[in-house]
Each structure stands twice: as C-alpha cells, then as structure tokens.
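Asker: Quick one: the structure is below, and I'll ask about it shortly.
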Amino acid sequence: MRNILLWCCLVPLMALASDDPAIPAHVQISEGPDGYRLTVDGHPFLIRGAGLADGNQEALAARGGNSFRTWSTGTDRARVVGMLDRARRNGLMVAMGIEVARERHGFDYGDSAAVERQWKRVREEVRLYRNHPAVLMWVVGNELNLESRDPRVWNAVNDLAVMIHREDPHHPVMTTLAGFDPDLMELIRTRAPALDLVGIQLYGDIVDLPAKLERSRWTGPYVVTEWGPTGHWESPQTDWGAPIEGDASRKAAWLQERYQRVIARDTRQGLGSYVFLWGDKQERTPTWYGLFLASGESTPGVDTMQYLWTGQWPRNRAPSITPIAIDGKQAESSLVLLPGQRVTARTTSEDPDADRLTFRWRIREESRATTVGGDAEAVPPAVAFKGEEDGRGGISFQAPVVAGNYRLFVEVHDGRGHAAYANFPFRVAASQ
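In our numbering, the protein residues as written are 808 to 1239.
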C-alpha cells in the first residue's frame, strides 16, 4: 500500500480541484498514527457516496453525498465526459468502474491473448479519462471472486493496477469483493499487491465486518463499495423459495443501524462507503435495492442517508409503511390461496408532514430469475386484477385464477415526490 499524507478537517469538494478541466485531482491514501486517510488535492475526503448508474446526481449532492461509483466506463468519450462534467458541476467525485471479464460469464484467465486484449482495452479507457478533475479512483472489476475458481484473475488485476499506476499516478486503484474471508484476502495479498485498497461488498452480514477483517488479517484501507438492505439470498423465504423483502421503513432502519454501528465506527481503515443503489433496479423485485421507485419518488432510505451524511432530516419526509398482511397473515406464513379466492390485504402508513397519502396496488408474477451478482433481470409481468380499496391502506381483491407464484405490491405516495412500499409473496394452488 502506498502511504503519503495526513488527515485534517473536511472541506467542501468544490474548493479542492483546479478550475482547469484538464488538470486531474491528486488523490492519495496515507497512513498516519490514527490510521488511513484519503485526500483530494491535499484535503481530507471521507466518502459519503452511493452506487449510481443512471440515477439523479443532483439529488445525491442535495442530500449530502460527495461521491458516486459506477460499474463500467467504456470508450464513448462524449457520454463519459458528460457524466464527469455533470459530477463536477454537482461537487461530486467519481469512483470509475472499469468492466473486467468474469469467470462466471465464461472468460478464461488462462487465455493469454484474451487477457492481453482486456489489458489494452482498460489502458485505453484510463487514458481517455485520467485527467478529468472529477475522477476519484479506479475500480478494476466488480466481484470477480463470485463463482470464480481460477486464482489467475488476481494476477490479471495486479497487472491492470500496475499499468494504471504507470498511466495515471494521481488516482488510487481498487477492486471490489463479494464477501470477505481469509482465503480470498490471502490471494489479494499475494497476487494483487499493486492495489491501493479494496472494496468490500456486504449486505445483511455487514454487521460481521469487524470480525471478518480480524479473521482475514486485513489491516489495509478499504471502502464499503456496496451495502444496503439484507440481500435476497440471505433473507427468509416462503416454503416455495420466494425471498421475503423488507418494507421501505424497515430498510431505512437497517441503513441507519448498519451505518452507525459498523461503517462510521471504523475510522482507522474505513475510507467511507457507497450505499446501493441511488436509483431503481429489478433484482428479484423492482424495489429490493433501489432507494428510488422506478417512477422517481424517493423512499425513506434516502431521508435516512441524508441524516447520516449531514445530521439533518429533510424538511419534507417520505411516508412510513408497515408490512402487508393478507387476511391477517404475514409473508412468513407462506400463504397459499385458491384460484379466485377473495382476500383482504392491509398496510398502514403515516406521513410525518401530514401530506395526503394515496395507495397504489398491483400483482406481479414472482420472479423466476436465478442470476447472481446483480446480473440483468426482466421485471416480472403484471397480472390484471380488480380490487376495492378503503383509501386507508386496505384492499379486497380476488386471487389470480391461474395457479402459480405471485407477489402483491403496494406503494404509498405523498404527492410531493416521496413514497414508501411493501410487498407480499403468495402462491395460488392448482384447482382441486
């Protein structure tokens, strides 16, 4: 690890970099008596960030964020420079994700020609953007350890890190890891020593991060590059294997507890974090990981991140919500209905600003996706249904007539750009 500077008071980002758009920010990691620190042009920089692909940069800045990370860069210079220019206008620094091929997608790290082509492509990307003042660091690959058996992937990562340092001496280089264990970290230490830091990606098990660090004997710097709600793979399931998702209010509480208990407490090795996801994304459901609805409304998790980053709640907050119950049963009951059976679903919601609330209900088929690592999924089809609402969070409706696995969704909107949500997986049995 390369160590250079010392820690002092935080300053606004816009005071850091040169006004010249061709002069890069000088970003360094230093080790002092109190631990590791990240600096931008000599000024301390604690990452208050989010994963952001096509999300709202302006909202991130307004809520107190100072950085975002991406997952790929590419050679579409106009698009990428436009993104970086926008980030600079918003006072945001960007951890530049570089796509690196994954073994689980069929890439062979024993194919030296393919590895060399990848190396050359990454070099071209770095050369295109290395001088932009909004670049914070380079993120070489994402979760390359997931379903990987060939340790040569880390040799390739090291070769990329060495090349990036040569091409761009002003920005650190990291890779991100799915999970964190002693064997993995030994591979990183021995095969990829050119990395300046690592990105750690944990969800429900982020509470075990201090113990994981100790067991893995990792004493270097890190950023938590993904964290958020409990993952679908680690959540309770129905009897037929449908993961049970927390509602928007419960997830907001998880964010606050996990940030304060784990992320904010490590002031020796931790350089900040990127919450997942500043936007929306279909991954088992359309709402599992996104902090925004697909229609653009912010959820209680966004309010919580503003509080964690700034110490202040927004003037107008998203409504709260409770889990859906169907005929008094919770999702953990693995509810099975008959085709066309009439039932009543209910949730409760309150708005801290006394805004008028409206409820939107829908049924979708349960996702059949088996992808891992955030690979693309299709949004499950919606199912036509009629229901009678009471206007207070209750709805009476008939179950679908076709046997199968379904999920009931509800959104509650305050009419001011904020919303909350919950859902309930259920099964319709075959006709007797």
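Cβ atoms here follow ideal geometry from the backbone N, Cα and C, with glycine treated the same way.
None of these values were measured; they are calculated from a predicted model.
Ignoring anything shorter than 4 residues, give me the alpha helix (DSSP H) runs that lie fully in the segment 943 to 1024, in order along the chain.
Answerer: Fully enclosed alpha helix (DSSP H) runs of 4 or longer: 959 to 974, 989 to 998, 1016 to 1023.
Asker: Hey, out of Val922, Asp1134, Gly986, whose CA is closest to Tyr792's CA?
Answerer: Any property of residue 792 remains undetermined from this structure, which presents the chain solely from 808 to 1239.
Asker: Check each candidate in Asp918, Val1014, Ile1131 and name the one with the smallest Cα separation from Val960.
Answerer: Indexing the sequence shown from 1 puts residue 960 at position 153. Residue Asp918 is the option with its Cα nearest to Val960.
Asker: Going by DSSP, what residues sit across from Asn793 in a beta bridge?
Answerer: Since the first residue of the chain shown is 808 and the last is 1239, residue 793 is not available in this structure.
Asker: For a quick check, are the C-beta atoms of Trp1025 and Met992 less than 8 Å apart?
Answerer: Here residue 1025 is taken as the residue at index 218 of the sequence shown, counted from 1. Here residue 992 is taken as the residue at index 185 of the sequence shown, counted from 1. Closer than 8 Å, so yes.
Asker: Return yes when the Cβ of Tyr1228 is within less than 8 Å of the Cβ of Ile1170, no when it is not.
Answerer: On the sequence shown, residue 1170 is found 363 positions in, with the first residue counted as 1. On the sequence shown, residue 1228 is found 421 positions in, with the first residue counted as 1. No; because the gap between Cβ atoms is not below 8 Å, this pair is not in contact.
Asker: Is there a C-beta anywhere in chain B that falls below 8 Å from the one on Gln1113?
Answerer: You won't find chain B in this structure, because it holds only one protein chain.
Asker: Just the C-alpha distance for Trp926 and Ala920, rounded to the nearest angstrom, thanks.
Answerer: Working through the sequence shown from its first residue, we reach residue 926 at position 119. Working through the sequence shown from its first residue, we reach residue 920 at position 113. Each residue's Cα considered, the two are about 10 Å apart.
Asker: Would you say Trp1061 and Thr1032 are within 8 Å of each other, going by their C-beta atoms?
Answerer: On the sequence shown, position 254 is the one that residue 1061 refers to. On the sequence shown, position 225 is the one that residue 1032 refers to. Not a contact, by the Cβ cut-off of 8 Å.
Asker: Leaving out the 5 sequence neighbours to the left and right, which residues in its chain are closer than 6 Å to Val782 when beta-carbon positions are compared?
Answerer: Look at the range of the chain in this structure, 808 to 1239, and you will see that residue 782 is not part of it.
Asker: Quick check: the Cα distance between Leu953 and Gln1148, rounded to an integer number of angstroms?
Answerer: For the purposes of this step, residue 953 is taken as residue 146 along the sequence shown, with counting starting at 1. For the purposes of this step, residue 1148 is taken as residue 341 along the sequence shown, with counting starting at 1. When rounded, the distance between both Cα atoms is 42 Å.
Asker: Measure the beta-carbon distance from Gly842 to Gln1067 and round it to whole angstroms, keeping in mind my assumption that it falls under 8 Å.
Answerer: Your numbering for residue 842 matches position 35 in the sequence shown. Your numbering for residue 1067 matches position 260 in the sequence shown. No, Gly842 and Gln1067 are not in contact; Cβ-Cβ is about 19 Å, not under 8 Å.
Asker: With a cut-off of 8 Å on the beta carbons, I'd call Ile830 and Asn938 a contact; round off their distance for me.
Answerer: The count along the sequence shown starts at 1 and reaches residue 830 at position 23. The count along the sequence shown starts at 1 and reaches residue 938 at position 131. Contact holds; Cβ gap of about 7 Å.
Asker: For Ala1191, which three-state DSSP category applies?
Answerer: Here residue 1191 is taken as the residue at index 384 of the sequence shown, counted from 1. Ala1191: coil per DSSP, three-state reduction.
Asker: Quick one: using the 10 Å Cβ neighbour count with 16 as the cut-off for buried, is Arg870 buried or exposed?
Answerer: As a first step, residue 870 is located in the sequence shown; it is residue number 63 there, counting from the start. Buried, by the Cβ-count rule.
Asker: Give the secondary structure of Trp1205 by DSSP, where H, G and I count as helix, E and B as strand, and everything else as coil.
Answerer: On the sequence shown, position 398 is the one that residue 1205 refers to. The residue you asked about is not Trp; residue 1205 is Gln in the sequence shown. Strand at Gln1205.
Asker: From what residue to what residue does the beta strand (DSSP E) around Asp1179 run?
Answerer: Taking the first residue of the sequence shown as position 1, residue 1179 is located at position 372. Position check: residue 1179 holds Val in this sequence, whereas Asp was assumed. Looking at the DSSP string, Val1179 is not in any beta strand (DSSP E), and its letter there is neither H nor E.
Asker: Between the Cα of Asn949 and the Cα atoms of Leu1164, Thr1155, Leu1009, Asn897, which residue gives the shortest distance?
Answerer: In the sequence shown, counting from the first residue as 1, residue 949 sits at position 142. Checking every option, the nearest Cα to that of Asn949 belongs to Leu1009.
Asker: My guess is that Trp1085 and Ala857 are in contact by the Cβ rule of under 8 Å, so how many angstroms apart are they, rounded?
Answerer: For this step, residue 1085 is matched to residue 278 along the sequence shown. For this step, residue 857 is matched to residue 50 along the sequence shown. Confirmed, about 4 Å.
Asker: May I have the straight-line CA-CA distance separating Pro1188 from Phe1166, to the nearest angstrom?
Answerer: By one-based count along the sequence shown, residue 1188 stands at place 381. By one-based count along the sequence shown, residue 1166 stands at place 359. Roughly 20 Å separates the two Cα atoms.
Asker: At which residues does the beta strand (DSSP E) containing Ala857 begin and terminate?
Answerer: Numbered from its first residue, the sequence shown carries residue 857 at position 50. Element bounds for Ala857: 854 to 858.
Asker: Candidates Asp1073, Pro979, Arg895, Thr880: which alpha carbon is nearest Val907's?
Answerer: For the purposes of this step, residue 907 is taken as residue 100 along the sequence shown, with counting starting at 1. Ranking Asp1073, Pro979, Arg895, Thr880 by Cα distance to Val907 puts Thr880 first.
Asker: Which two residues bound the contiguous beta strand (DSSP E) that contains Glu910?
Answerer: Translated into positions along the sequence shown, residue 910 becomes position 103. That residue, Glu910, is in no beta strand (DSSP E); it is neither H nor E in DSSP.
Asker: From what residue to what residue does the alpha helix (DSSP H) around Arg1163 run?
Answerer: Taking the first residue of the sequence shown as position 1, residue 1163 is located at position 356. Counting along the chain, Arg1163 falls outside any alpha helix (DSSP H), and DSSP gives it neither H nor E.
Asker: By a C-beta neighbour count over all protein chains shown, 10 Å radius and 16 as the cutoff for buried, is Thr1154 buried or exposed?
Answerer: Sequence index remark: in the sequence shown, residue 1154 carries index 347 (1-based). So Thr1154 counts as buried.
Asker: Is it buried or exposed, Val1235, if we count other Cβ atoms within 10 angstroms and call 16 or more buried?
Answerer: As a first step, residue 1235 is located in the sequence shown; it is residue number 428 there, counting from the start. Its Cβ being crowded by 16 or more others within 10 Å, Val1235 is buried.
Asker: Quick one: is Ser1238 buried, meaning 16 or more other Cβ sit within 10 Å of its Cβ, or exposed?
Answerer: Residue mapping note: residue 1238 aligns to position 431 of the sequence shown, counting from 1. Answer is exposed; the Cβ neighbour count stays below 16.
Asker: I think Glu931 touches Thr877, with their Cβ atoms under 8 Å apart; what is that distance to the nearest whole Å?
Answerer: In the sequence shown, the residue the question calls residue 931 occupies position 124. In the sequence shown, the residue the question calls residue 877 occupies position 70. Rounded, the Cβ-Cβ distance is 17 Å, inconsistent with contact.
Asker: Would Pro1093 pass as a contact of Ala1101 if the rule is Cβ separation under 8 Å?
Answerer: Taking the first residue of the sequence shown as 1, we reach residue 1093 at position 286. Taking the first residue of the sequence shown as 1, we reach residue 1101 at position 294. Closer than 8 Å, so yes.
Asker: Measuring straight from C-alpha to C-alpha, what distance separates His978 and Ile1051?
Answerer: For this step, residue 978 is matched to residue 171 along the sequence shown. For this step, residue 1051 is matched to residue 244 along the sequence shown. Answer to the nearest angstrom: the Cα atoms are 41 Å apart.
Asker: Tell me the residue span of the alpha helix (DSSP H) that contains Gln1063.
Answerer: By one-based count along the sequence shown, residue 1063 stands at place 256. Residues 1055 to 1065.
Asker: Please state if the CB of Asp1054 and the CB of Ile1128 are separated by a distance shorter than 8 Å.
Answerer: To locate residue 1128, count along the sequence shown from 1; it is residue 321. To locate residue 1054, count along the sequence shown from 1; it is residue 247. Yes.
Asker: Flag Pro1188 as yes when its Cβ comes closer than 7 Å to any non-hydrogen atom of the ligand ZN, and as no otherwise.
Answerer: Summarising the ligand content, the structure contains no ligands, and the ligand ZN is consequently not present.
Asker: Please classify Ser1105: does DSSP put it in a helix, a strand, or coil?
Answerer: Residue mapping note: residue 1105 aligns to position 298 of the sequence shown, counting from 1. Ser1105: strand per DSSP, three-state reduction.
Asker: Starting from Val1030, trace the beta strand (DSSP E) in both directions and tell me its first and last residue.
Answerer: Numbered from 1 along the sequence shown, position 223 holds the residue referred to as residue 1030. It spans 1029 to 1033 - the beta strand (DSSP E) in which Val1030 sits, taken as one unbroken run.
Asker: Quick test of your reading: Val1209 and Pro1126, contact by CB under 8 Å. State the CB separation rounded to the nearest angstrom.
Answerer: To locate residue 1209, count along the sequence shown from 1; it is residue 402. To locate residue 1126, count along the sequence shown from 1; it is residue 319. The pair is not a contact, with the Cβ atoms about 33 Å apart (cut-off 8 Å).
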